[in-house]
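Asker: All residue numbers in the sequence shown are consecutive under UniProt numbering, ending with 305.
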Amino acid sequence: MAADTISKSTIPVIDMRDFPAESGKLIKACEDWGCFRIVNFQGILPESLMLEMKAVVKSLLELPIEIKKRNKDVIAGSGYMAPSKINPLYEALGLYDMASPQAVNAFCSYLDATPHQRDTIVKYAKAVNELMMDIVNKLQEGLGINNVSFEDWVCQFRINKYSFTPETVSSPGVQLHTDSSFLTVLQDDETIGGLEVMKRCGEFEAVDPCPGTLLVNLGDIATVWSNGRFLNVKHRVMCKEAGTRLSIASFLLGPKEATVEAPPELVDSEHPRLFVPFTYEYFRNLRVSNKFHTGEALDSLRVPS
Ligand SMILES: O=C(O)CCC(=O)C(=O)O
Ligand SMILES: [Fe+2]
1 MAADTISKST
11 IPVIDMRDFP
21 AESGKLIKAC
31 EDWGCFRIVN
41 FQGILPESLM
51 LEMKAVVKSL
61 LELPIEIKKR
71 NKDVIAGSGY
81 MAPSKINPLY
91 EALGLYDMAS
101 PQAVNAFCSY
111 LDATPHQRDT
121 IVKYAKAVNE
131 LMMDIVNKLQ
141 EGLGINNVSF
151 EDWVCQFRIN
161 KYSFTPETVS
171 SPGVQLHTDS
181 SFLTVLQDDE
191 TIGGLEVMKR
201 CGEFEAVDPC
211 PGTLLVNLGD
221 IATVWSNGRF
231 LNVKHRVMCK
241 EAGTRLSIAS
251 FLLGPKEATV
261 EAPPELVDSE
271 HPRLFVPFTY
281 EYFRNLRVSN
291 KFHTGEALDS
301 LRVPS
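1) Is ALA242 buried or exposed, if buried means 16 or more other CB atoms sit within 10 Å of its CB?
2) Can you list, in chain order, the stretches of the beta strand (DSSP E) that have 3 or more residues and sit fully within the segment 15 to 55?
3) Does SER269 have its Cβ less than 8 Å from a Cβ in chain C?
4) Is ASN290 near GLY34, with beta carbons less than 8 Å apart?
5) Going straight from the alpha carbon of ASP15 to that of ILE38, what length do you get?
6) So is THR5 buried or exposed if we call it buried at 16+ other beta carbons inside 10 Å?
7) Among residues of its own chain, excluding the 5 on either side of LYS199, which ones have a beta-carbon nearer than 8 Å to its beta-carbon?
8) Have a look at GLU52 and THR120 and give me their C-alpha separation to the nearest angstrom.
9) Is HIS177 near ligand 2, with its Cβ less than 7 Å from a heavy atom?
10) Can you tell which of ALA21, GLY24, PHE36 and ILE27 has the C-alpha that lies nearest to the C-alpha of GLU196?
11) So is the beta-carbon of ASN232 under 7 Å away from any non-hydrogen atom of ligand 1?
12) Between VAL174 and ARG236, is the Cβ-Cβ spacing less than 8 Å?
13) Check the C-beta distance from MET98 over to PHE41 and give it rounded, since I have them as a contact under 8 Å.
14) List the DSSP bridge partners of VAL185.
15) Determine the DSSP secondary structure at ASP299, reduced to helix, strand or coil.
16) What does the alpha-carbon distance come out to for the pair ASP220 and VAL122?
17) Going by DSSP, name the residue or residues bridged to THR244.
18) What I want to know is whether the C-beta of ARG158 ends up closer than 7 Å to one or more non-hydrogen atoms of ligand 1.
19) Any heavy atom of ligand 1 closer than 7 Å to the Cβ of ALA249?
20) Kindly indicate which three-state DSSP category ALA258 falls into: helix, strand or coil?
21) Quick one: does the C-beta of ASN87 sit closer than 7 Å to a heavy atom of ligand 2?
22) Can HIS271 be considered in contact with ligand 2, in the sense that its beta carbon sits closer than 7 Å to one or more heavy atoms?
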């Protein structure tokens with residue numbers, strides 16, 4: 001797909017087959033927007049697998065609530081989220097550590113998944129992880145950084161369902177937030193829109209559906225790792241039309257045990273280290289226990305100036 005056939009929206013579009021030519025545009029997208037759409041990644045994640053995964057997600061989210069409730073948290077907020085007072089139109093299932101066969105097995109067993117559904121989840125997780133590694137390597141090349149390995153970083157899935165009706169038009173689907181992750185690969189709905197990203201100036205930009213492409217959002221950990229260069233994009237979902245919106249978010253969270261810190265290439269006397277090193281687990285607990293949704297957790301982790 002050619003980059004210039006994509007939507008009216010001005011969100012940057014990155015052609016994954018056109019590197020290093022797209023490198024400057026990729027880094028600028030991370031700095032100015034904290035998000036971008038990617039095209040031409042089908043060699044890693046074929047469209048047929050994206051559609052198959054969407055069908056699996058749809059049937060899992062249609063299970064009776066008693067079954068969905070068996071998908072318990074492994075870390076704060078990683079399991080089933082029922083519709084709530086704050087987000088009554090929204091529910092989600094989650095799989096923490098999608099690269100772990102035991103974690104995938106537990107998730108599938110609790111939800112009585114069929115062998116075909118399990119197989120699709122495993123294939124999708126592997127492809128999305130490979131795509132994430134491709135993206136982070138392109139980011140590193142763009143910044144002139146070598147040798148940082150992201151292989152042991154934990155990945156989490158969240159599959160989201162929004163039940164929109166004519167009566168709920170203009171209501172929020174999911175409240176304004178940043179992702180806690182380094183980056184999020186989002187397979188959004190093919191037809192039902194509603195996602196909005198906040199630009200640096202504070203205005204919202206609608207992210208229109210664009211089947212066969214993926215949206216990449218940068219989260220709080222990207223801001224820390226890039227020593228403040230990358231924007232942790234704030235975003236929300238609004239009900240714009242009646243219909244069911246289904247999205248699949250795959251989060252590259254942080255290292256399993258090591259601390260998150262900017263690589264030395266991004267730190268010098270003109271760019272002093274902005275954040276103290278911390279583990280992802282510490283950060284996640286800080287965010288969840290204080291109900292920090294839009295990056296406020298980063299404030300208390302700044303190096304005193
Ligand atoms: O459903 C969407 O499009 C957005 C989901 C999202 O922002 C998230 O899961 O963090
Ligand atoms: Fe998000």
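Here a beta-carbon is modelled for each residue, glycine too, at the ideal position from N, C-alpha and C.
Answerer: Reading off the structure:
1) exposed
2) 35 to 39
3) The structure shown has no chain C; it contains just one protein chain.
4) no
5) 6 Å
6) Residue confidence for THR5 is low, a pLDDT of 48 falling below 50, so the modelled location carries little weight and cannot support an answer.
7) TRP33 and GLU205
8) 7 Å
9) yes
10) PHE36
11) no
12) yes
13) 18 Å between Cβ atoms; not a contact.
14) VAL216 and SER250
15) helix
16) 27 Å
17) SER163
18) yes
19) yes
20) coil
21) no
22) no
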